[in-house]
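Some notes on the structure that comes next.
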Amino acid sequence: MEIRARYCRTTAIHRLHRRHDPTWRRRLCATEGVYGARFSGAGFRGCCVALVAADAAVSAAEQVRRRYAEARPELAADAPVLLCDSDDGACILEGNSRRNAAKSS
């Protein structure tokens, strides 16, 4: 039940945010180092995903965290800003080595 409640809450945050603040994506894209952003629906737990320059990621995350807390203090505690990295894409794992799936076809 806790997982379902959390899922519903994050989905509701996403819907509330899009309905009442349609300029949020523009604000995010105006942050230095951010190339682009989009909202992703409930299947991804309702979030905004942004492509950010690696050397600006920490600064952009801090700005987004601060701006979101200012704009939506009632939701800020349930809206983490997570930094992640891309990888080389799909691959075939063989023991401890990797082989790019596209190159092996």
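In the numbering used here, each residue carries its 1-based index in the sequence shown increased by 224. All C-beta atoms in this analysis are idealised placements derived from N, C-alpha and C, irrespective of residue type, glycine included.
Distance, Cα to Cα, residue i vs residue j?
i: Ser307; j: Ile316; result: Residue 307 is actually Leu in this sequence, not Ser. If you take the alpha carbons of Leu307 and Ile316, they lie about 25 Å apart.
i: Arg296; j: Val288; result: 12 Å
i: Glu294; j: Ser310; result: 29 Å
i: Ala314; j: Asn320; result: 16 Å
i: Arg290; j: Arg251; result: 12 Å
i: Ser264; j: Glu318; result: 33 Å
i: Pro304; j: Ala277; result: 19 Å
i: Asp302; j: Glu286; result: 16 Å
Can you tell me which of the options puts its alpha carbon nearest to the alpha carbon of residue i?
i: Gly257; options: Cys272, Gly265, Asp279; result: Asp279
i: Thr255; options: Gly265, Glu298, Tyr292; result: Tyr292
i: Leu275; options: Ala300, Cys253, Glu298; result: Cys253
Given a threshold of 16 other Cβ atoms within 10 Å of its Cβ, counted over all protein chains shown, does residue i qualify as buried or as exposed?
i: Asp312; result: exposed
i: Tyr259; result: exposed
i: Ala284; result: buried
i: Gly335; result: Nothing about residue 335 can be read from this structure; the chain reaches only from 225 to 329.
i: Glu298; result: exposed
Determine whether the beta carbon atoms of residue i and residue j lie at a separation below 9 Å.
i: Val273; j: Ala261; result: yes
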